[in-house]
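*Asks:* For reference, the structure I am asking about is given below.
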Ligand SMILES: Cc1ncc(C[n+]2csc(CCOP(=O)(O)OP(=O)(O)O)c2C)c(N)n1
Ligand SMILES: [Mg+2]
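Put into C-alpha cells, the structure is as follows:
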C-alpha cells in the first residue's frame with residue numbers, strides 16, 4: 001500500500017502556507033493604503049441595549065467624532081463642557097511629559113526599563129474619564145494614563161520605576177508594573193492577557209455580590225492571540241458579565257505587525273461577534289470617540305445589558321519599550337504617515353476651533369507639566385535610583401505573603417540575612 005505521508009496526488013497543486021508580511025519595511029516608504037478611514041460622524045449610534053447581532057457593522061467600521069477641522073460631529077459626539085475637555089487634554093499632555101522624562105531617565109541609567117504610550121494617550125485617559133471613579137481597571141503596561149487620570153501621585157510612579165526606598169511595591173515588580181487598590185488599578189502582569197480573565201472574574205464577583213461597580217480591561221492586538229483572551233470572552237458572554245474589553249490595536253506587537261495576530265483576515269473588534277458580544281471599532285486617536293464609546297459600553301454593562309468589546313484603532317509611535325529599536329523592522333516615517341494623526345494635536349485643534357483654547361495657553365501648559373514632572377523626578381531621586389543602594393531593606397522580600405510569617409520562612413530569612421552580612425559586612 002502506498003505511504004500516505006509521502007505521495008502527493010500528481011494532479012493537484014501542493015498545499016502551501018501564507019506567512020504575513022507587513023506592507024512596508026525599513027528603507028521603504030510607509031504604506032497605509034490598506035487602512036480604510038470612514039468620515040467622522042457617519043457611524044450611527046445604536047441604543048445601549050442593542051442586540052450584538054443587530055450592530056455587526058460596528059465591528060467593521062470606525063466610530064469617529066473629530067473631523068479634519070476639529071469639529072465634533074455626528075451622533076457619537078459626547079456632550080462635554082469645555083472644562084472637562086481641557087482636563088482631558090491636560091491629562092494627555094501630562095502622560096506625554098511623563099513618558100518623555102522617564103524615557104530619558106532610563107537612558108541616563110536611573111532605571112533599567114521604561115515603556116511609553118506615545119500616540120496612544122487618547123486610549124486610556126478619555127476611557128478612564130468615562131468610567132466611574134470606583135470602577136475597576138485591569139490594564140496592560142501601556143495604560144499609565146489610567147493612573148494619571150485618577151490623579152495618582154507622579155512621585156509614587158517614579159519611585160516604583162526607580163525601585164527605590166519609597167517604591168510602594170517594594171521593588172517586587174519590574175519598573176512600570178504599577179498597582180494601586182485605592183485607584184482601582186489592578187497589578188500589571190508581564191504575562192500577556194492574564195488581566196482579561198481576572199477582569200471577568202472581578203466583574204462576575206461584582207454582579208454576584210449585587211455591587212454596582214463594573215470592570216474594564218485592556219490588552220494589545222498581539223495579545224488577543226493568547227488563549228486567556230478567548231477564555232475571558234467566553235465567560236463574559238455566558239454570564240453576561242458587566243465588563244468592557246478594550247483591544248488596543250496599535251499595529252505592532254514588539255516587532256510583529258498585526259497580521260501575525262490575525263489582522264489581515266478581519267478586524268479585532270469582529271472577534272467579539274463570534275461570542276455574541278457587542279463590538280465597537282473606534283478611532284483610537286480621537287479622544288471624544290473613545291470617551292463616547294466607553295460611555296456607551298459602561299452604560300450597557302451597568303444596566304446588565306452585557307459586555308462590550310472595543311477595538312481602539314491607533315498606532316504605536318515609538319519603540320515597544322526602552323529595550324527595543326523599531327528602525328530594525330519598520331519604515332522610518334510610519335509615525336508621521338499614520339492617517340489618524342496625533343491624539344493630542346486633534347483634541348487641541350478641537351478646543352482651539354471652538355474658541356476654548358489657544359497656542360499660548362497650550363505652550364504654557366506644556367511647560368508647566370514638564371516642570372511638574374521634573375520636580376516629581378527630583379523628589380523621587382532623593383529616595384534613590386538604580387544602582388545607588390537606596391532600595392528596600394533586604395528582608396522585605398520575605399514579607400507580606402502571610403499575615404504572620406511562618407517559622408520556615410523566618411528561618412530562611414534569618415539564614416539569608418546572615419549570609420548577606422557575611423558577604424557584604426555593613
Ligand atoms: C505570555 C507572553 N508572551 C510573550 C511575551 C513577550 N511580549 C511582551 S510584550 C509583547 C508584545 C505585545 O504586543 P501587543 O499585545 O500588541 O501590545 P503592545 O505592546 O503593542 O501594547 C510580547 C510578545 C509576554 N510578556 N508574555
Ligand atoms: Mg500592539
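Numbering (the UniProt record's numbering), first residue to last: 1 to 426.
Every residue, glycine too, gets a C-beta built ideally from N, C-alpha and C.
Please read these numbers as outputs of a predicted model, since none were measured by experiment.
1) Run the proximity test for residue 316: is its beta-carbon closer than 7 Å to any non-hydrogen atom belonging to ligand 2?
2) Apart from the five residues on each side of it in sequence, which residues of its chain come closer than 8 Å, Cβ to Cβ, to residue 185?
3) So, for residue 323: in the same chain, excluding its five sequence neighbours on each side, which residues have a beta-carbon less than 8 Å away from its beta-carbon?
4) Run through DSSP, which three-state label would residue 34 get?
5) Kindly give me the distance between the Cβ atoms of residue 197 and residue 232, rounded to whole angstroms, as I take these residues to be in contact under 8 Å.
6) Tell me, to the nearest whole angstrom, how far the beta carbon of residue 268 is from that of residue 224; I am working on the premise that it is less than 8 Å.
7) Under the assumption that residue 123 contacts residue 312 (Cβ atoms under 8 Å), give the Cβ distance between them as a whole number of angstroms.
8) Say whether the stretch 64 to 82 touches the stretch 279 to 286, bearing in mind that this needs 3 or more beta-carbon pairs closer than 8 Å, one atom from each stretch.
9) Would you check if the distance between the CB atom of residue 102 and the CB atom of residue 161 is smaller than 8 Å?
10) Between the Cα of residue 200 and the Cα atoms of 210, 212, 192, 216, which residue gives the shortest distance?
11) Pull up the CB-CB distance for residue 205 and residue 214, whole angstroms please, since I reckon it's below 8 Å.
12) Which residue spans inside the stretch 328 to 387 form an unbroken alpha helix (DSSP H) run of at least 4?
13) Compute the minimum distance between the beta carbon of residue 320 and the heavy atoms of ligand 1, and state whether it is under 7 Å.
14) Secondary structure at residue 180, three-state DSSP: helix, strand or coil?
15) Only counting the same chain, and skipping five residues up and downstream in sequence, which positions put a Cβ closer than 8 Å to that of residue 26?
16) What is the DSSP secondary structure of residue 42, reduced to helix, strand or coil?
17) Compare the C-alpha of residue 429 against each of 257, 394, 278 and name the closest.
18) Given a threshold of 16 other Cβ atoms within 10 Å of its Cβ, counted over all protein chains shown, does residue 133 qualify as buried or as exposed?
*Replies:* Quick look at the numbers:
1) yes
2) 137, 139, 146, 147, 150, 152, 178, 179
3) 113
4) coil
5) 4 Å
6) 6 Å
7) 5 Å
8) yes
9) yes
10) 216
11) Incorrect: roughly 12 Å between the Cβ atoms, too far for contact.
12) 334 to 337, 343 to 353, 359 to 381
13) yes
14) strand
15) 327, 328, 329, 330, 331, 332
16) coil
17) What the structure shows of the chain is the stretch from 1 to 426, and residue 429 is not part of that stretch, so it cannot be assessed.
18) exposed
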